[in-house]
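The letter at position 140 of the sequence shown is residue 140 when you use our numbering, and the numbering goes up by one with no holes.
Beta carbons: idealized from backbone N, C-alpha and C, even for Gly.
Okay, so here's the structure we're looking at.
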Amino acid sequence: MEQRELQQLVQQLSIEAFGKPFRHKARFNARLRTTGGRYILNDGSIEINPTVLARYDMEELVGIIKHELCHYHLHQEGKGYRHGDADFKRLLQETGSPRHCKPLAERNNRTKTIRLYRCTSCGLEYRRSRKMDVRKYRCGKCAGQITEVQK
């Protein structure tokens with residue numbers, strides 16, 4: 001699908017689902033990673049992630065466009081266009097637009113390393129996800145020296 005076809009699709013969906021014209025630009029943005037699309041407040045344009053078409057079907061793309069059009073039309077009318085606003089939630093429901101898109105990025109399933117530190121004086125243990133410079137810190141209980149426990 002080309003930019004021109006996307007523009008036509010957005011304009012068509014705007015008329016069909018909302019009964020109002022879309023008067024701004026719609027374009028693909030390959031830099032979007034985790035979201036299917038976004039509405040730009042400053043210039044009124046809508047950007048769509050091209051990965052949506054590659055991974056999913058046309059129905060998912062239409063859903064994302066309708067979601068972004070909800071933001072667009074509410075913002076243009078001066079109503080609540082944010083995700084938490086009642087106007088936005090109501091318009092999503094009225095137009096059959098999805099609240100969220102399907103996942104686009106692969107989830108990072110790495111397990112987080114937990115480091116264990118122990119006070120040499122009182123034995124108090126500290127669990128940290130980040131590495132700690134033991135020369136800078138002392139025990140909060142007894143001010144003793146802290147060492148990293150070997151795994």
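Checklist entry - Thinking just about the alpha-carbon of each residue, which of R4, R31 and L9 is nearest to the one in P50? => result R31
Checklist entry - Given a threshold of 16 other Cβ atoms within 10 Å of its Cβ, counted over all protein chains shown, does Y72 qualify as buried or as exposed? => result buried
Next on the checklist: So, with DSSP's three-state summary, where would you put E148?
Outcome noted: strand
Checklist entry - When you compare each of E60, I46 and D133 to V52 by their alpha carbons, which one comes out closest? => result E60
Checklist entry - Whose C-beta lies closer than 6 Å to the C-beta of I48 among residues of the same chain, with five residues either side of it excluded? => result F28 and G37
Next on the checklist: Using CA atoms only, rank isn't needed, just tell me which of D133, Y39 and Y137 is closest to H75.
Outcome noted: Y39
Item to check | Buried or exposed by the 16-neighbour rule on C-beta atoms within 10 Å, applied to A86 | outcome: exposed
Next on the checklist: Under DSSP, the alpha helix (DSSP H) around I65 begins and ends at which residues?
Outcome noted: M58 to Q76
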